[in-house]
Amino acid sequence: MNAKRADRVRIFDTTLRDGEQSPGVSLSATEKVEIARWLVRMGVDVIEAGFPAASHEERLAVEQVAREVGQGGGSQPTPTICALARATDADIDVAWEAIRSAKRPCIHTFLAASDIHLEYKLRITRQQAIERTKAAVARARSYCDCVQFSPEDASRADTDFLCEMVAAAVEAGATTINIPDTVG
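Under this note's numbering, the sequence shown is numbered contiguously, ending at residue 186.
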């Protein structure tokens, strides 16, 4: 991140990724770069530029943000440019390719944590989820020092399992943990 002090609040902005989940919103690469530049002016520390595995166009847009905004320069601090990736090798590899030109790249990987998502969405066991968490974080960490992990649907997860999953992510090298209320 931009500062080493533990007592500093860091701003993580998901406008370029999560904002596109609003009905009718689709940002071009040019619009993403323009918004990212404004986020830097506002002092945002981490910009989640998008979900590169979603489409070829999205990957190109994230690459452009990393290249044009993630290099720093000027009077503003250089932001961390983050890309979202499911906990799969393919997603993590595409995320890295999209952000590798940024001075401060970060991969944000996620995996379901609630039993309902594990059973019906992914069709995996809790133990398999722990192993996938470790593998995904380790792969992301092999590319860059900044790795964020989110246990998807955490608010409906069993608390002990959620703690086990988060511990596995930290042990594998996650530098930031995000506990989302995905469907809440």
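Where a beta carbon is used, it is the ideal one built from N, C-alpha and C, also for glycine.
Under a three-way DSSP split, which group does residue i fall into?
i: Arg-88; result: strand
i: Ile-179; result: strand
i: Asp-15; result: strand
i: Thr-184; result: coil
i: Ile-126; result: coil
i: Asn-4; result: Here the model assigns Asn-4 a pLDDT of 45, short of 50, so the residue's position is not dependable and the matter cannot be decided.
i: Thr-135; result: helix
Thinking residue i and residue j are a contact (beta carbons under 8 Å), I'd like their distance in whole angstroms, please.
i: Ala-170; j: Thr-135; result: 5 Å
i: Gly-76; j: Ser-103; result: Gly-76 to Ser-103, Cβ: 17 Å. No contact.
i: Val-64; j: Gly-74; result: Actually they do not touch by this definition, with Cβ atoms about 17 Å apart.
i: Leu-62; j: Ala-31; result: 6 Å
i: Arg-106; j: Thr-80; result: 6 Å
i: Met-167; j: Ala-137; result: With a Cβ gap of about 13 Å, Met-167 and Ala-137 do not count as contacting.
Starting from residue i, follow the beta strand (DSSP E) in both directions and report where the run begins and ends.
i: Phe-112; result: 107-114
i: Val-149; result: 148-154
To which residues of the same chain is residue i closer than 6 Å at the C-beta, ignoring the five residues directly before and after it?
i: Cys-84; result: Val-48, Glu-50, Cys-108 and His-110
i: Ala-97; result: Pro-54, Ala-85, Ala-87 and Ile-109
i: Glu-70; result: Val-35
i: Ala-89; result: Thr-111, Leu-113, Arg-134 and Ala-138
Using alpha carbons as the reference points, say which of the options lies closest to residue i.
i: Thr-177; options: Cys-148, Asp-155, Ala-56 and Arg-158; result: Cys-148
i: Cys-146; options: Glu-99, Ala-63, Gln-78 and Val-67; result: Glu-99
i: Arg-10; options: Glu-133, Gly-45 and Ala-140; result: Gly-45
i: Arg-143; options: Pro-79, Val-64 and Asp-95; result: Asp-95
i: Glu-121; options: Thr-90, Ala-159, Arg-69 and Ala-89; result: Ala-159
i: Val-42; options: Ala-89, Leu-124, Thr-90 and Asp-15; result: Asp-15
i: Phe-151; options: Val-27, Lys-123 and Pro-182; result: Pro-182
i: Val-67; options: Thr-82, Leu-124 and His-119; result: Thr-82
From what residue to what residue does the alpha helix (DSSP H) around residue i run?
i: Ala-51; result: Premise fails: Ala-51 lies in the beta strand (DSSP E), 48-52, not in any alpha helix (DSSP H).
i: His-119; result: Run containing His-119: none; DSSP gives neither H nor E here.
i: Glu-173; result: 161-174
i: Arg-43; result: 31-43
i: Leu-66; result: It should be noted that the sequence gives Gln, not Leu, for residue 66. Where Gln-66 is concerned, the enclosing alpha helix (DSSP H) stretches over 58-70.
Can you name, in chain order, every residue of its own chain whose Cβ lies under 7 Å from the Cβ of residue i, other than the five neighbours on each side?
i: Leu-164; result: Ala-115, Pro-153 and Ala-156
i: Gly-175; result: Val-139, Ala-140, Arg-143 and Val-149
i: Glu-59; result: none
i: Glu-36; result: none
i: Asp-117; result: Asp-160
I'd like to know whether the C-beta of residue i is nearer than 7 Å to at least one C-beta of chain D.
i: Ser-157; result: This model lacks chain D altogether, as it is built from one protein chain only.
With a CB to CB cut of under 8 Å and the five nearest residues on each side skipped, what residues in its chain are close to residue i?
i: Leu-29; result: Leu-18, Gly-21, Glu-22, Ile-37 and Ala-63
i: Glu-173; result: Lys-136
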